[in-house]
Amino acid sequence: SARGSNQPFANKMLVLVDGRSIYNDVQGSMNWKAIPVTLPEIKRIEVLKGPASSIYGFNAFDGIINIITKSPEEMKGTTVQFGGGELGTISSAAIHAGKIGEFGYRLSIGRDQNQQWWNRDALAFRSNKFNVHTEYALPNDAKLLLSGGLVDVNRYDGPIGETVSPSSRPSQGYANVAYERQNFFLRGWWSIFQDTSTITTNPLLAHLIRVTDRDGNSTHSFMSNTYNLESQHTLDIGASNRLIYGVNYRHNSLSSNAIEAFSRENRLGLYLQDEWRATQSLTLVAGLRYDIDTFTNPKVSPRVALIYQASPEHTFRVSSSIAYRSPTLFETHADVQAVTTVPFILTNTSVVRGTRSLEPEQIISYEAGYQGWFLNHRFRLRADLFFNHMSHLITTRETSNTTASYLNDHGQADIYGGEAGMEFLATSWLSGFANYSYQEVGQSFLGTVRRGVPRFKYNLGLRGDWDNGWSGEAALHHVGAATYPVAATFSTLAAIPTTGVLVPAEYVGSYNLLNVRVAYKFWQEKAEAGYMRDAEVAVSAYNALNDTHKEHPLGEQIGSRVMGWVTVRY
């Protein structure tokens, strides 16, 4: 999440791998630990904060994270990486890549696991993944891409909900085909998501509440399919206009014993964006997207930005945009029940149902920013101000003693603040960064829809890379204190003396997170194929200061973890 939406089941950030969405549309979720690429394959991660529906469409509400992977040429050869450490942590990968004429390929497998923070003898996560990526170079700098993969998880604790703590076994497979050339792409992909979840309530409530399907089963099974087709074309009109237009169609289906019946939806988006360079220093960008969804009225997502380049090194920008998050198939079709039993006092069954008439969640955003380069591009300074107005957020509420429904909260929130940061290259071997953010919230949301936001954060980091093979980095992250809403279920049951329920404190204190890594590259030589062979050993420490903390009142107490790494490319 970004800029104030860091709540349980955060569902407003669009996540992509090489432009392909890995966001789970039907449940509005993102399995962060089960991303379908291995660590050595990642080239860089691009982050766009703020709504971007005008181009990216569905779910680009808070922003976008796009994970860019390395090409077969960049990964030529065989790479093996193994990391292991405390809490039974394993991060491993093996990749083989190469080129045969115009054909490039990359094959990878990986395995990751770790134990629970609060019980080091209990497994919290384990996954196995496989990916294949191929591309064929065509004339005129065009290429044809074909890829596919599978992530299979046999234990995944989380995400933490308002009253539940599911333990699931998700798997996600995909197939992707694309044709790309300069100023044009056509892409189609299919994704399948399967999950078997045991829905357990928070340990403070587990002896009182069971969440089941309509037949009383605490195990929920899900299977969803997503089919996506999209195309985009960029057209230069004269010397000062650049027009981008495209279309995106998506079909989602969901089968589960936690919904009323098999469900499906269709989404269609049409978008247009024009970049007009009015003068040498002034550019106007205006975009518009029109979205149609099976369960909601058509929505228009506009965006406008004015960019002033005072000089090649200094740029100012102001922008405004509107974005939406459509209701998920689970939110529109849910059919589960919560059975509350207090011995000798009460037994109550509350049915939780989806609502097909939900409105999309909405955000209206205003932003102003500056970026400047100094000292021959050895120092970059960034600063941003933002104001976000959020409304129609979706939640569950009791509509009677025996019924709860998904509905739109009638309140709203204004989240505003500023961010500033810098990056520098001090010498050929030393670089660093520092940034700071501050935000405030004014809101009329009720219950757990209320936004909980740390007022300020700052981050500091240094990285050194020496010619003798040694390298190291350290990053300090400070997160200020915050107050998060806790479900009224806790206080309701705590009022009954025999339950023994304690209401969790809503306040979460500030904490400092220091991450450190030291590495030594002890072998390096050039292969006959032209790429560099090398071998490296490293030690990393997560939360090196062991500043134990929680990120949410219902979350685990997070401690430190030390790992050792070996990476070989040959």
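So for the sequence shown, our numbering puts the first residue at 1165; every next one is plus one. We put the beta carbon where it would ideally sit given N, CA and C, even for glycine. Everything numeric in this text was worked out from a predicted model, so none of it was measured.
With a CB to CB cut of under 7 Å and the five nearest residues on each side skipped, what residues in its chain are close to P1717?
For P1717, same chain residues with a beta-carbon under 7 Å away, outside a window of 5 residues either side, are Y1648, V1650, P1668, A1669, E1670, V1672 in chain order.
Does the Cβ of R1733 have 16 or more other Cβ atoms within 10 Å, making it buried, or fewer, making it exposed?
So R1733 ends up on the buried side.
Name the one or two DSSP bridge partners that E1700 has.
DSSP lists K1685, T1731 as partners of E1700.
Nearest to S1395 by CA position, among W1196, Y1409, T1566, is which residue?
Measuring C-alpha to C-alpha distances from S1395 to each of W1196, Y1409, T1566 identifies Y1409 as the nearest.
When you compare only the Cα positions, how much space is there between I1186 and D1359?
Rounded to whole angstroms, I1186 to D1359 spans 15 Å at the Cα level.
When the Cα of P1661 is compared with those of V1506, H1497, S1514, V1190, which residue comes out closest?
Taking the Cα of P1661 as reference, the smallest distance to any Cα among V1506, H1497, S1514, V1190 is reached at V1506.
Pair every Cβ in the region 1176-1183 with every Cβ in the region 1227-1234, then say whether three or more of these pairs are closer than 8 Å.
Cβ pair count under 8 Å is three or more, so yes.
Would the region 1290-1299 count as touching the region 1266-1280 if we require 3 or more Cβ pairs under 8 Å?
Because the criterion of three Cβ pairs below 8 Å is met, the region 1290-1299 and the region 1266-1280 touch.
Just the C-alpha distance for E1424 and L1212, rounded to the nearest angstrom, thanks.
If you take the alpha carbons of E1424 and L1212, they lie about 37 Å apart.
Burial state of R1378, where buried means 16 or more other Cβ atoms lie within 10 Å
With fewer than 16 other Cβ atoms within 10 Å, it is exposed.
Is the separation between the beta-carbon of E1205 and that of T1233 shorter than 7 Å?
Against a cut-off of 7 Å, the Cβ pair of T1233 and E1205 comes out as a contact.
At the level of alpha carbons, what is the spacing between E1562 and S1427?
The straight-line gap from Cα to Cα measures roughly 24 Å.
Residue range of the unbroken beta strand (DSSP E) whose run includes F1348:
Per DSSP, F1348 belongs to the beta strand (DSSP E) from 1348-1362.
Just reading off the beta strand (DSSP E) that F1654 is part of, what are its end residues?
Here F1654 belongs to no beta strand (DSSP E); instead the alpha helix (DSSP H) covers 1652-1658.
So, helix, strand or coil for F1494, using DSSP?
It is helical.
With respect to the beta strand (DSSP E) encompassing I1219, which residues constitute its N-terminal and C-terminal limits?
Counting along the chain, no beta strand (DSSP E) covers I1219; the unbroken alpha helix (DSSP H) around it starts and ends at 1217-1220.
Quick one, are the C-beta atoms of V1190 and T1492 less than 7 Å apart?
Yes, these two residues count as a Cβ contact at 7 Å.
Where does K1197 fall in DSSP's three states?
Of the three classes helix, strand and coil, the one that applies to K1197 here is helix, per DSSP.
For V1665, which residues in the same chain have their Cβ closer than 8 Å to its Cβ, ignoring the five residues on either side in sequence?
Here the set comprises L1368, L1369, L1372, F1654, L1657, A1658.
CA-to-CA distance, E1587 to L1626, given in whole angstroms:
Taking the straight line from one Cα to the other gives about 10 Å.
Helix, strand or coil for E1531 per DSSP?
Assigned with DSSP and collapsed to three states, E1531 falls in strand.
CB-CB under 6 Å to T1383, same chain, minus the five flanking residues each way: which ones, in chain order?
Apart from sequence neighbours up to five positions away, the residues of its chain that approach T1383 with a beta-carbon distance below 6 Å are T1362, ordered along the chain.
Ordered along the chain, which non-local residues of its own chain (more than five positions away) have a Cβ less than 6 Å from that of S1529?
If we look at S1529 and ignore the five residues flanking it on each side, its Cβ neighbours are G1214, P1215, S1485, N1552.
Using a Cβ-Cβ cut-off of 6 Å (strictly less than) and excluding sequence neighbours within five positions of G1533, which residues of its own chain qualify?
Result list for G1533: R1481, D1548, in chain order.
Distance CB(R1184)-CB(W1354) smaller than 7 Å:
Their beta carbons are not under 7 Å apart, which means R1184 does not touch W1354 by this criterion.
Pop quiz: S1217 and S1385 are said to be a contact at Cβ under 8 Å. What is the actual Cβ separation, rounded to whole angstroms?
In this structure, S1217 and S1385 do not form a Cβ contact; the two beta carbons are roughly 32 Å apart against a cut-off of 8 Å.
Return the first residue and the last residue of the beta strand (DSSP E) that T1298 is part of.
Membership of T1298 in the beta strand (DSSP E) is indicated by the continuous run 1287-1302.
Between G1241 and chain C, is any beta-carbon pair separated by less than 7 Å?
In the structure shown, chain C does not exist; there is a single protein chain.
Using the three-state DSSP reduction, which class does L1310 fall into: helix, strand or coil?
Collapsing the DSSP output to three states places L1310 in a strand.
Same chain, Cβ closer than 6 Å to I1456, five either side skipped, listed in chain order
Within the same chain, L1432, P1462 come within 6 Å of I1456 by CB-CB distance, once the 5 residues on both sides are set aside.
Taking the beta strand (DSSP E) that Y1413 falls in, what are its first and last residues?
Segment 1405-1420, the beta strand (DSSP E) holding Y1413.
Can you check DSSP and say which residues form a bridge with N1552?
Within the DSSP bridge table, the entry for N1552 names S1529, I1579 as partners.
Return helix, strand or coil for T1712, following the three-state DSSP convention.
If DSSP states are grouped into helix, strand and coil, T1712 belongs with coil.
Note down, in chain order, each residue of its chain lying with its Cβ closer than 6 Å to the Cβ of N1389, except the 5 sequence neighbours on either side.
A distance below 6 Å between beta-carbons, with the five flanking residues on each side excluded, links N1389 to the following residues of its chain, in chain order: I1356, S1417.
In terms of residue numbering, what span does the beta strand (DSSP E) encompassing S1514 cover?
1510-1517 is the extent of the beta strand (DSSP E) around S1514.
Counting only runs of 3+ residues fully inside the region 1595-1681, write out the beta strand (DSSP E) ranges in chain order.
Runs of the beta strand (DSSP E) lying entirely within the region 1595-1681, each at least 3 residues long, are 1620-1629, 1634-1643 in chain order.
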